[in-house]
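Novice: Got a structure for you, written out below as structure tokens; questions coming shortly.
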DNA sequence: GCCGTTTTCGGCCCGACTGTTTTCAGTCG
Ligand SMILES: Nc1nc2c(ncn2[C@H]2C[C@H](O)[C@@H](COP(=O)(O)OP(=O)(O)OP(=O)(O)O)O2)c(=O)[nH]1
Ligand SMILES: [Mg+2]
Ligand SMILES: [Mg+2]
Ligand SMILES: [Zn+2]
């Protein structure tokens, strides 16, 4: 079993134990281990083999045993026993808004309800309202919740969620009652997918803000409407598709804003760690302040809060409880790469293949974004569905780039190609054609169904071709749409070190590939990365910002990102590599 | 189930909103 499978199994253990009414702290041990393993940079199997499982925080003797069983046999007897005790319908019932493990257990214990169908019937027969702790309103809400299940949205891509969030932000930000307003939660931490929109406002007069929020256009349902907190379910149109999301609004006093900002930014696990640290200091940390027995510790910024607990500021992207607090203590937090340090981007498409804009339009847009250089990467000849370039058209494009380069002042265009890595790991052009480019991005676009080991060898073979400069979208995954092909990312990253292949952080919000966890792994291994927007239009060029977010979540610094180099440095680097390639032939 | 400059038992983050209650449990953030 791999990390994600082990993580899923432990999460299921947690859910089933909860439904059996187990001790919540015990349940939390499983849930916590599940999360830790899902965010591990290295492979859980390597910990099993090396006997280092116990070194992972939150994994003790019992969990070591269970994880070892999962990794070695793919099975866990304890989980099988739990599954035998808890009907699967109970887990489905948990998805109903407002129904948690206690209520589901009560419904099962008292009315033998073990499916959505039976639950609906019981509600309609008015049996649920009579149970202790239930009532007419709860019964009605359950019925509505069952109907709502079909339209319940899962997670949403960061770019789409940002778009919905900005609509809400614009709705509120100019109200006279609003002093400060900020997007928080996973949006602020720049997670690749977002479950809901978390908005924080400071004000002396919350009521009108709450009112405006719950009556906003597109609100499908008001989930809660209180003095300091409201929740809604909204529908919005983003790029022609309907997006349904929850949104939460917290309103606090302005002097509480930094504490509320820290709280509402999360993550939950980071909050728990920070609050536990406050306890060690004899203090209490919540969304309103940092308080002791008699004293209140005034903080004007988040930085002040960290400082009060003897920690340096921790950037939102790092607040995932993946070691940031320990690193902060040791003074080994990274100085994260910033958007303004990106000098240019590679891997962009034009009308030569499947892009919407010309070379010149793309170059002008890049220049207007403040970039100093732009690299192209249209598709290669065998990718006919995307209008891949024949060697003749390659030469034509190169001539056009030469002309643009002589015309544009203070801006440099690099000649590149997104060259298909064919099924056998060979490249899609002869070496004579490959020698025409300043750089080559190697990407897999076909034959996704290969066995994992074959795919890994295919990519590794391509990385060993001296013409390859960088590897495009390593796994081919599409966020929330398609899993990547089976590939040993660890092996590819290790090979990248050996072959000095740059690994792309594909910044297209549909891809974000490498993901942030493997960025962290790449950092540990000493891999160099390059942030590319994979732009198919001028607007897409701005996607590199999403790649910067991934890099920051992966703890990456300026020096670890190739395209923070200046034009001259890039020029020198690429020309050296090209010389090595052409000399070899 | 995990963990330890309050160490091997007794804690484990803390609060808002709702609906059921008459003082609070459950769910969610
Ligand atoms: N202290 C504390 N804070 C929490 C807890 N649950 C949530 N929070 C805070 C931190 C979260 O980032 C923030 C928003 O909660 P969300 O459930 O919306 O999670 P978040 O935005 O992190 O991720 P998501 O919405 O799932 O993409 O509220 C909790 O149990 N304790
Ligand atoms: Mg959220
Ligand atoms: Mg939320
Ligand atoms: Zn591609």
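Residue numbers (this note's numbering): 1355 to 1939.
All C-beta atoms, glycine included, are put in the ideal place defined by N, C-alpha and C.
Computed from a predicted model, the values in this text were never measured in an experiment.
(1) Identify whether residue 1857 lies in helix, strand or coil by the three-state DSSP scheme.
(2) Could you check whether the stretch 1763-1775 touches the stretch 1790-1802, counting it as contact only if at least three pairs of C-beta atoms, one from each stretch, sit closer than 8 Å?
(3) Among 1378, 1934, 1499 and 1725, which has the Cα closest to the Cα of residue 1818?
(4) List the residues that DSSP assigns as beta-bridge partners of residue 1538.
(5) In this structure, how does DSSP classify residue 1824 when only helix, strand and coil are distinguished?
(6) So is the beta-carbon of residue 1894 under 8 Å away from any non-hydrogen atom of ligand 4?
(7) Alpha carbon to alpha carbon, what distance is there between residue 1865 and residue 1597?
(8) At 3 residues or longer, what runs of the beta strand (DSSP E) sit wholly inside the stretch 1391-1435?
(9) Got a list of residues with beta-carbon closer than 6 Å to any non-hydrogen atom of ligand 2, in chain order?
(10) How would you write the range of the beta strand (DSSP E) that residue 1841 sits in, first residue to last?
(11) Can you give me the start and stop residues for the alpha helix (DSSP H) that residue 1806 sits inside?
(12) Please confirm if the stretch 1503-1519 is in contact with the stretch 1472-1489, defined as three or more CB-CB distances below 8 Å between the two stretches.
(13) Note down, one range per segment and in chain order, each alpha helix (DSSP H) of at least 4 residues found wholly within the stretch 1605-1631.
(14) Would residue 1420 be called buried (16 or more neighbouring beta carbons within 10 Å of its own) or exposed?
(15) Since residue 1696 and residue 1922 should fall inside the 8 Å C-beta cutoff, what is the C-beta to C-beta distance between them, to a whole number of angstroms?
(16) To which residues of the same chain is residue 1765 closer than 6 Å at the C-beta, ignoring the five residues directly before and after it?
(17) Answer with buried or exposed for residue 1558, where buried requires no fewer than 16 other C-beta atoms within 10 angstroms of its C-beta.
(18) Ordered along the chain, which non-local residues of its own chain (more than five positions away) have a Cβ less than 7 Å from that of residue 1467?
(19) Can you tell me the Cα-Cα spacing of residue 1482 and residue 1491, whole angstroms?
(20) In terms of alpha-carbon separation, which member of 1634, 1671, 1610 and 1649 lies closest to residue 1641?
(21) Cα separation between residue 1816 and residue 1925?
(22) Starting from residue 1585, follow its DSSP beta bridges and name the residues at the other end.
(23) Can you find the residues in the same chain that come closer than 6 Å, C-beta to C-beta, to residue 1594, ignoring five residues on each side of it along the sequence?
(24) Are residue 1895 and residue 1855 closer than 9 Å when you measure CB to CB?
(25) Which residues bound the beta strand (DSSP E) around residue 1766?
(26) When we look at the beta-carbon of residue 1426 and count the other beta-carbons within 10 Å, is it buried (16 or more) or exposed?
(27) Identify the continuous beta strand (DSSP E) that holds residue 1793 and give its terminal residues.
(28) Is residue 1621 near ligand 1, going by C-beta to nearest heavy atom under 8 Å?
(29) Taking its Cβ as the centre, do 16 or more other Cβ atoms sit within 10 Å of residue 1702, making it buried, or is it exposed?
(30) My parser needs the alpha helix (DSSP H) runs of 4 or more residues fully inside the stretch 1478-1503; what are they?
(31) Near residue 1755, which residues of its chain fall below 6 Å by C-beta distance, leaving aside the five closest residues on each side in sequence?
(32) Can you grab the Cα-Cα spacing for the pair residue 1802 / residue 1578, in whole Å?
Specialist: Based on what the coordinates show:
(1) strand
(2) yes
(3) 1934
(4) None; residue 1538 has no bridge partner.
(5) strand
(6) no
(7) 19 Å
(8) none
(9) 1539, 1540, 1549, 1550 and 1552
(10) No beta strand (DSSP E) contains residue 1841, which DSSP labels as neither H nor E.
(11) 1806-1817
(12) no
(13) 1611-1619
(14) buried
(15) Their Cβ separation, rounded to whole angstroms, is 16 Å, which puts residue 1696 and residue 1922 out of contact at 8 Å.
(16) 1721
(17) exposed
(18) 1461, 1473 and 1476
(19) 10 Å
(20) 1610
(21) 23 Å
(22) 1578 and 1602
(23) none
(24) no
(25) 1766-1768
(26) exposed
(27) 1793-1797
(28) yes
(29) buried
(30) 1490-1503
(31) 1767 and 1769
(32) 45 Å
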